[in-house]
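Residues in the sequence shown are numbered from 6 upward in steps of one, following my numbering.
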Amino acid sequence: MSHNPAKPSKFMNRFILVAVLITVASIAAGASALGTSARSVIPSDVQQIISVDYRQVINSQTATELHDRVLPENLKQFEAALKGVGIDPQRDIDQLTFAAFRDKTMLRMVGVAQGQFSLKKTIARLKVRKITPTKLRTALVYPMGNGMNMSLLDENTLLFGDPEAVKLALSARDGQIKSLNSNSDILDLMPAVDSGAVWSVLDTIGTENMMNSALGDVTKLTSYETLKKRLRSSRYVMNFGSGVRFDLDVITSDNMTAAGLSTLVQAGMMFRKSQATGVEKSALEDMSVNSDSNQLKVHFKSDEKQFQTLIGSDLFAAMIR
């Protein structure tokens, strides 16, 4: 498969850092397998779920640095809103999950926090702050500030997001619209990754968006346009146990598509390696790309010291702008 290396730097910069860092661009987020309450409030037409094991993340210096550097503005607002009702993410949260789902022509996002904030204590704090709820069927919905609402699902689970997203999430829980539990395509992706510190699953549209961001100008090639139509879904996981490890699977319709994507990415990597120096070259050497059956597989592994050097590099700064 041919490709145009006219702009290899943009191609590889995006691929390396989107592949490795798109996971933690949402690290305000919690992890492990989704609980029953969380699954019940995520509407079925979900584009992406991102979940972070907050305990693992805050115990890793590298993960904390990533949180501080790449946290997107909308997720900073979620964190700020939690703090606004007396919940300290670093102290009170064990797991925080975000789901982006489609509502007609709009993409909405809800968050589900699970942790050590008890129902009674949280309600008491809300009363002290003179925050009063409105009732939606059996649920009490509280304003959080920053234009968001929240609802306590049970003793240790809190739903939050913009008012319409929370309303739709509660409709899913109450059976008025379909929930994630009816989306077998997404549910089937989760077991392979949901024990990780940071993990995510994406549907076809989410996968296409991720690949477009990662591959940059390569997506303009005719050969990629053909491959893009055969993308099905994807999942990724990041762990910080001994160094940093990132694994991405892109599921396609057939073996040839996965092999074609692998060839495209490998060609870009080889070209870039011939010109790279320093941190960028080291990052490329820590990354492997191949295909297995109908899946493109990307792996990145680095020790914490090397990865922290990458975080402080010009390459990283260019990627997160």
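Quick reminder that beta carbons are idealized off the backbone N, C-alpha and C, glycines included.
Taking contact to mean at least 3 C-beta pairs separated by less than 8 Å, is the region 126-135 in contact with the region 80-99?
-> These segments touch.
Just the Cα atoms here: how many angstroms apart are Ala43 and Thr162?
-> Between Ala43 and Thr162, the C-alpha separation is close to 8 Å.
Which class does Ser287 belong to by DSSP, given the choice of helix, strand or coil?
-> helix
Return helix, strand or coil for Ala38, following the three-state DSSP convention.
-> coil
From Leu26 to Ser200, what distance separates their C-alpha atoms?
-> Because Leu26 carries a pLDDT of 46, less than 50, the predicted location of this residue cannot be relied on, and no value is offered for it.
Asn151 by DSSP, collapsed to three states: which one?
-> DSSP, read as helix, strand or coil, puts Asn151 in coil.
Hey, quick one: how far does the alpha helix (DSSP H) through Lys126 stretch, first residue to last?
-> Leu124 to Val133
Starting from Pro48, follow its DSSP beta bridges and name the residues at the other end.
-> Ser184
Jot down the residue ranges of each uninterrupted beta strand (DSSP E) in the region 83-117, minimum 3 residues, whole runs only, in chain order.
-> 98-108
Cross-strand partners of Asp297 (DSSP beta bridge) | Gln300
From Ser123 to Ile256, what distance separates their C-alpha atoms?
-> 40 Å
Reduced DSSP category for Lys310 - H, G, I as helix; E, B as strand; rest coil | helix
Assign Arg240 to buried or exposed, taking buried as 16 or more other Cβ atoms, counted over all protein chains shown, within 10 Å of its Cβ.
-> buried
Beta-carbon proximity list for Leu175, same chain, < 8 Å, skipping 5 on both sides | Val46, Leu141, Arg142, Ala144, Val146, Ser156 and Leu164
Does DSSP classify Lys140 as helix, strand or coil?
-> In the three-state reduction of the DSSP assignment, Lys140 falls in the strand class, which pools E and B.
Backbone CA spacing between Ser307 and Lys183 [nearest angstrom] | 41 Å
Status (buried if at least 16 other CB within 10 Å, exposed otherwise) for Met216 | buried
DSSP three-state call for Ser228: helix, strand or coil?
-> Helix.
Just the C-alpha distance for Lys286 and Asn188, rounded to the nearest angstrom, thanks.
-> 41 Å
Around the Cβ of Arg96, are there at least 16 other Cβ atoms within 10 angstroms (buried) or fewer (exposed)?
-> By the 10 Å Cβ count, Arg96 comes out exposed.
Pick helix, strand or coil for Phe276, following the three-state DSSP scheme.
-> helix
How is Thr282 classed by DSSP in three states: helix, strand or coil?
-> coil
Neighbour-count burial assignment, Glu84, 16 or more Cβ in a 10 Å radius | With 16 or more neighbouring CB atoms inside 10 Å of its own CB, Glu84 falls in the buried class.
Are the Cβ atoms of Ile54 and Ile191 separated by less than 9 Å?
-> Closer than 9 Å, so yes.
Which of the three DSSP states, helix, strand or coil, is assigned to Gln121?
-> coil
Between which two residues does the alpha helix (DSSP H) containing Ser200 stretch?
-> No alpha helix (DSSP H) holds Ser200; DSSP gives it neither H nor E.
Same chain, Cβ closer than 7 Å to Pro138, five either side skipped, listed in chain order = Leu145, Val146 and Tyr147
Give the single residue among Ser293, Thr268 and Glu169 whose Cα lies nearest to the Cα of Lys109.
-> Glu169
Expressed to the nearest angstrom, what Euclidean distance is found between the alpha-carbon atoms of Ala33 and Leu101?
-> In this prediction, Ala33 scores a pLDDT of 36, lower than 50, which makes its location untrustworthy; the coordinate-derived value is nonetheless stated afterwards. Their backbone Cα atoms lie some 7 Å apart in a straight line.
Between the beta-carbon of Ala104 and the beta-carbon of Leu185, is there less than 9 Å?
-> yes
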